[in-house]
Structures are given as C-alpha cells and as structure tokens.
Amino acid sequence: MTRSPRAVVLVTAALLATAFAVTPAYADDPGLNCALTATGSLSVSPSPVVYGQNAQVNWGADGVGCGPDDALRITGPGFDPATDLFPVGGGSRPVFITSTGTVTWNLTVIDLSSDTGFSRNLASVTIPVTGVTVVPNVLGDSQTQASQALSAAGYVVGQVNTVVDCDNVGRVSRQSPSAGTPLVHGSPVALTIGTRPPRPRVCQ
Numbered sequence: 230m231t232r233s234p235r236a237v238v239l240v241t242a243a244l245l246a247t248a249f250a251v252t253p254a255y256a257d258d259p260g261l262n263c264a265l266t267a268t269g270s271l272s273v274s275p276s277p278v279v280y281g282q283n284a285q286v287n288w289g290a291d292g293v294g295c296g297p298d299d300a301l302r303i304t305g306p307g308f309d310p311a312t313d314l315f316p317v318g319g320g321s322r323p324v325f326i327t328s329t330g331t332v333t334w335n336l337t338v339i340d341l342s343s344d345t346g347f348s349r350n351l352a353s354v355t356i357p358v359t360g361v362t363v364v365p366n367v368l369g370d371s372q373t374q375a376s377q378a379l380s381a382a383g384y385v386v387g388q389v390n391t392v393v394d395c396d397n398v399g400r401v402s403r404q405s406p407s408a409g410t411p412l413v414h415g416s417p418v419a420l421t422i423g424t425r426p427p428r429p430r431v432c433q
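Read left to right, the sequence shown gives residues 230 to 433 (our numbering).
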C-alpha cells in the first residue's frame, strides 16, 4: 500500500517522538548522568568528636559516567564550600574541632556542566561534641592567682594591660575572653589589671 506524503511525515514524526521519549534527557550529558545516579557515604571518627582535637572525615561516592564534569562538595567544620571541591570518588581529611553542641557535615555531588549546574545531596552526618572547656572566672584575682587558675584550666596568660580601677587595684579588672566562654586548651586569655590613678588624683 502506498502512503501519502502527509502520512509519511506523520509516521516519521511519531517515530522521532517515541525515540526521544524512551531516551533519557541526560543520556548525552555525562555530568548530569553522574549527578543523578551517584550514591555516597560520609563518616567521621571518633564519634562523638572531642572539642579542641582533630577528627577524621571520610567520604566516598560513585555514579554512572562520573568525570571532570562532576565534583563533590563537603560542608562542615574543616571545609570551605566555596573552594573545596573534590573528584567523585573517595577521600579523607583531618579537621580541628572548635564548635560546641553538635557538628554536621554534608556530602553533595555537583554537575559542573555550564548548561545545568545540578546538585544533589548524597549523605549527611551529625555528631555531638564532647570535652568542651571554658574559660574560668579570674576577675578580682591577683595576676599570680589568675595565672595559676588559667594554667590549671589548661590556658595561658596572654596580653596584660592596666586600667584605672580603684575597686581592683592590683587585681584583674577585666578578662578576655570572658568567663564561661568555650576556648581550646592552650589558648591565651588577656588580663587587665586595676591600678590607682596617677597623682594628684586619688582613689575615693
């Protein structure tokens, strides 16, 4: 049976539509293909992490057709999402813990192709922080007493200044950081020691 030209055009259009319907829209876009199919894992040790110490962040990811058009982004302590991009695969990094409460890391795969910019979260982990240390209260202490208290708490005396303070002559009038502030062991604490006013002024 001979088909009319119009029928041939319609059949051809139908075949093309079917072909596009069964072919994934990203089949010719390896970057997007990887981002859509990738799976990943993320772990941190030790767990819980310890304040003022290193933790090890480990990650891994894989997908279909992953290559230079794809990257992994990790957000969380020890990572800069603006600059830290990693090839799709595995890796690890030591990070120093200075946060309190809980800390969270996220692993995201990114299609770097200019036509999509697609990204998808692959894994996330939230871990509590233990061993948080805080600055002791040394207000009103002599400089010697303050130095001893700070040393016992794991800190050192930082810059020492003076200020006219008739209520705290020879004693700590101010401290920085203030008492109760979380601070990593070994960090300095600045002190301000009270003094009498210069003559002819006197303390009342």
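Ideal placement from N, C-alpha and C gives every residue a C-beta, glycine not left out.
Original post:
What are the start and end residues of the beta strand (DSSP E) that includes Thr-362?
Top reply: As a working note, residue 362 is residue 133 in the sequence shown. Element bounds for Thr-362: n/a, residue is neither H nor E.
**OP:** Measure from the alpha carbon of Val-286 to the alpha carbon of each residue in Pro-411, Ala-352, Gln-433, then state which is nearest.
**Re:** For the purposes of this step, residue 286 is taken as the residue at position 57 of the sequence shown. Selected option, being the one with the closest Cα: Ala-352.
Original post:
Grouping DSSP H, G and I as helix and E and B as strand, with all else coil, what is Pro-429?
Top reply: Within the sequence shown, residue 429 is the residue found at index 200, counting from 1. Pro-429 falls in the coil class under three-state DSSP.
**OP:** Check whether the stretch 323-332 touches the stretch 293-303, counting contact only when three or more Cβ pairs, one atom from each stretch, lie closer than 8 Å.
**Re:** The stretch 323-332 is not in contact with the stretch 293-303.
Subject >> 8 Å contact criterion, which Gly-269 and Trp-288 should meet: CB distance rounded >> reply: Your numbering for residue 269 matches position 40 in the sequence shown. Your numbering for residue 288 matches position 59 in the sequence shown. For a cut-off of 8 Å, the C-beta gap from Gly-269 to Trp-288 is around 7 Å, short enough to register as a contact.
Original post:
Where do the ends of the beta strand (DSSP E) carrying Thr-331 lie?
Top reply: Here residue 331 corresponds to residue number 102 of the sequence shown, with the count starting at 1. DSSP places Thr-331 inside the beta strand (DSSP E), whose first and last residues are 331-340.
Original post:
Using the C-alpha atoms, what's the distance from Gly-415 back to Ser-272?
Top reply: Locating residue 272 in the sequence shown gives position 43, counting from the first residue. Locating residue 415 in the sequence shown gives position 186, counting from the first residue. One alpha carbon belongs to Ser-272, the other to Gly-415, and they sit about 28 Å apart.
Original post:
Can you give the Cα-Cα distance for Ala-419 and Thr-327, rounded to whole angstroms?
Top reply: As a working mapping, residue 419 is identified with position 190 in the sequence shown. As a working mapping, residue 327 is identified with position 98 in the sequence shown. Whole-angstrom Cα-Cα distance: 19 Å.
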